[in-house]
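Enquirer: Have a look at this one.
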Amino acid sequence: MRKAEYNAELRRLQTELVAMQEWVRESGARIVVIFEGRDAAGKGSAIKRVTEYLNPRIARIVALPVPTDRERGQWYFQRYIEHLPSTGEMVLMDRSWYNRAGVERVMGYCTPDEYRRFLHQAPLFERMLVEDGILLVKYWFSVSDHEQEARFRSRLKDPMRRWKLSETDLLSITKWVDYSKAKDEMFVHTDIAEAPWWVVESEDKLAARLNMINHLLSIVPYEHREPPRVSIPHRPQGADYERPPRELNRTVPDHAATLGGAGDASG
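Here it is as structure tokens:
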């Protein structure tokens with residue numbers, strides 16, 4: 001796929017996402033979209049393209065940090081419940097309660113009893129969400145071991161993305177099989193009819209983004225809603241206002257003017 005084709009289709013899909021957002025707001029729908037998968041599989045970049053033109057008050061991203069001591073003493077699902085959507089909201093979870101079935105299981109951050117309890121309770125919890133009217137969509141981003149390592153090495157060389165590499169991320173290379181076994185067992189217990197897992201083949205990041213967004217649009221039963229019409233009013237003449245001298249302001253230095261070709265920028 002050429003980059004021009006990708007950009008054109010992405011823009012078309014993002015335009016549809018804006019239309020879907022208007023339906024979510026007007027209809028009072030509640031949507032939860034879970035993004036799970038291997039480290040460096042492209043979850044974050046897919047979320048970024050989904051939300052790029054959406055209203056953050058309607059489409060919220062939830063990416064919870066490591067639980068606090070207090071949260072560790074709660075029922076496992078408790079800290080996720082407060083982030084669930086209200087009417088007219090969509091929540092995109094950059095990782096979710098499935099941390100327990102993945103990294104916590106593989107890295108030994110939970111006990112065997114806590115893990116078994118999660119596999120039993122997760123389908124019950126999700127069925128309650130769906131029964132209450134929440135549309136729950138679960139995506140698993142799949143990438144090969146070779147591609148994952150290549151992306152890790154790319155991040156290591158890029159000062160803008162090096163922060164994405166953590167010790168836990170790097171351990172996913174040596175624990176590849178353990179993560180595979182954990183994912184397989186997680187699917188056995190939590191791939192339920194009410195909230196099935198949808199696998200996004202993510203070897204090609206660009207294709208994965210388009211496929212995931214197109215699929216999301218296909219399963220959300222939205223109707224096209226025209227946004228409210230607005231008109232820009234005429235600006236009244238400020239005959240009784242005199243602007244203070246600009247010299248009184250503390251102005252940010254014009255760094256852009258020191259750059260070559262500064263006048264070529266187009267906004």
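Residue 1 is where the sequence shown starts when you use our numbering, and the numbers rise one by one after that.
By construction, the Cβ of each residue, glycine as well, lies at the ideal position given by its N, Cα and C atoms.
(1) Please tell me whether G42 and K205 are closer than 8 Å, where the distance is taken between their beta carbons.
(2) Between the stretch 92-102 and the stretch 186-197, do three or more beta carbon pairs fall short of 8 Å?
(3) Identify every run of the alpha helix (DSSP H) within the stretch 148-217, keeping only runs that are complete inside it and at least 4 residues long; order them along the chain.
(4) For P85, count the other beta carbons within 10 Å of its own beta carbon; 16 or more makes it buried, fewer makes it exposed. Which is it?
(5) Under a three-way DSSP split, which group does L124 fall into?
(6) What are the start and end residues of each continuous alpha helix (DSSP H) run of 4 or more residues lying completely inside the stretch 57-132, in chain order?
(7) By the 10 Å Cβ neighbour count, where 16 or more other Cβ atoms means buried, how is S172 classified, buried or exposed?
(8) If you measure between the beta carbons of R127 and E194, is that distance less than 8 Å?
(9) Can you name the start and end residues of the beta strand (DSSP E) that S142 belongs to?
(10) Going by Cα to Cα distance, which pick from Y115, Y53 and T87 is closest to F77?
(11) Please work out which residues of its chain come closer than 8 Å, Cβ to Cβ, to T51, disregarding the five sequence neighbours upstream and downstream, and give them in chain order.
(12) Could you tell me whether the stretch 161-178 touches the stretch 224-242, where touching means 3 or more Cβ pairs closer than 8 Å?
(13) CA-CA distance, A29 and S154?
(14) From the DSSP output, in three-state form, read off V32 for me.
(15) Tell me whether E36 is buried or exposed, calling it buried when 16 or more other Cβ atoms sit within 10 Å of its Cβ.
(16) Give me the Cα-Cα distance between V199 and V106, rounded to the nearest whole angstrom.
(17) Helix or strand or just coil, what does DSSP make of G37?
(18) For the putative contact between S202 and V143, defined by C-beta atoms under 8 Å, what is the C-beta separation to the nearest angstrom?
(19) So, are the CB atoms of L216 and V137 less than 8 Å apart?
(20) Among V18, A207 and T111, which has the Cα closest to the Cα of E26?
(21) Take the Cβ of Y139 as the centre, count every other Cβ of all protein chains shown within 10 Å, and call the residue buried at 16 or more, exposed below.
(22) Quick check: the Cα distance between G267 and D145, rounded to an integer number of angstroms?
(23) Report yes if the CB atom of F141 is closer than 8 Å to the CB atom of R49, and no otherwise.
Expert: According to the data block:
(1) By 1-based counting over the sequence shown, the position of residue 42 is 42. By 1-based counting over the sequence shown, the position of residue 205 is 205. Yes, they are a contact pair.
(2) yes
(3) List check, alpha helix (DSSP H) in window: 167-174 and 176-190.
(4) Stepping through the sequence shown from its first residue, residue 85 is reached at position 85. With 16 or more Cβ atoms within 10 Å of its Cβ, P85 is classed as buried.
(5) As a working mapping, residue 124 is identified with position 124 in the sequence shown. Correct three-state label for L124: helix.
(6) 69-72, 78-81, 103-107 and 112-131
(7) Reading the sequence shown from its first residue, position 172 is the one you call residue 172. Buried, by the Cβ-count rule.
(8) Residue 127 sits at position 127 when you count from the first residue of the sequence shown. Residue 194 sits at position 194 when you count from the first residue of the sequence shown. Yes, Cβ-Cβ distance for R127 and E194 is below 8 Å.
(9) Reading the sequence shown from its first residue, position 142 is the one you call residue 142. Element bounds for S142: L135 to S142.
(10) For the purposes of this step, residue 77 is taken as the residue at position 77 of the sequence shown. Considering only alpha carbons, the answer is Y115.
(11) In the sequence shown, the residue the question calls residue 51 occupies position 51. Around T51: A59, I61 and L92.
(12) no
(13) Taking the first residue of the sequence shown as position 1, residue 29 is located at position 29. Taking the first residue of the sequence shown as position 1, residue 154 is located at position 154. Taking the straight line from one Cα to the other gives about 40 Å.
(14) Here residue 32 corresponds to residue number 32 of the sequence shown, with the count starting at 1. V32: strand per DSSP, three-state reduction.
(15) By 1-based counting over the sequence shown, the position of residue 36 is 36. With 16 or more Cβ atoms within 10 Å of its Cβ, E36 is classed as buried.
(16) As a first step, residue 199 must be located in the sequence shown, where it is residue number 199. As a first step, residue 106 must be located in the sequence shown, where it is residue number 106. Rounded to the nearest angstrom, the two C-alpha atoms are 21 Å apart.
(17) Your numbering for residue 37 matches position 37 in the sequence shown. DSSP places G37 in strand when its eight states are reduced to three.
(18) Along the sequence shown, one-based indexing puts residue 202 at 202. Along the sequence shown, one-based indexing puts residue 143 at 143. With a Cβ gap of about 5 Å, S202 and V143 count as contacting.
(19) Counted from its first residue, the sequence shown places residue 216 at position 216. Counted from its first residue, the sequence shown places residue 137 at position 137. Cβ atoms of L216 and V137: closer than 8 Å.
(20) Here residue 26 refers to the residue found at position 26 of the sequence shown. Among V18, A207 and T111, the Cα nearest to that of E26 belongs to V18.
(21) If you number the sequence shown from 1, residue 139 lands on position 139. Result: buried.
(22) Within the sequence shown, numbered from 1, the residue matching residue 267 stands at position 267. Within the sequence shown, numbered from 1, the residue matching residue 145 stands at position 145. Low confidence applies here, because G267 scores a pLDDT of 45, under 50, leaving its location unreliable and the question unanswered by this model.
(23) Counted from its first residue, the sequence shown places residue 141 at position 141. Counted from its first residue, the sequence shown places residue 49 at position 49. It is not a contact, given that the beta carbons lie outside the stated cut-off.
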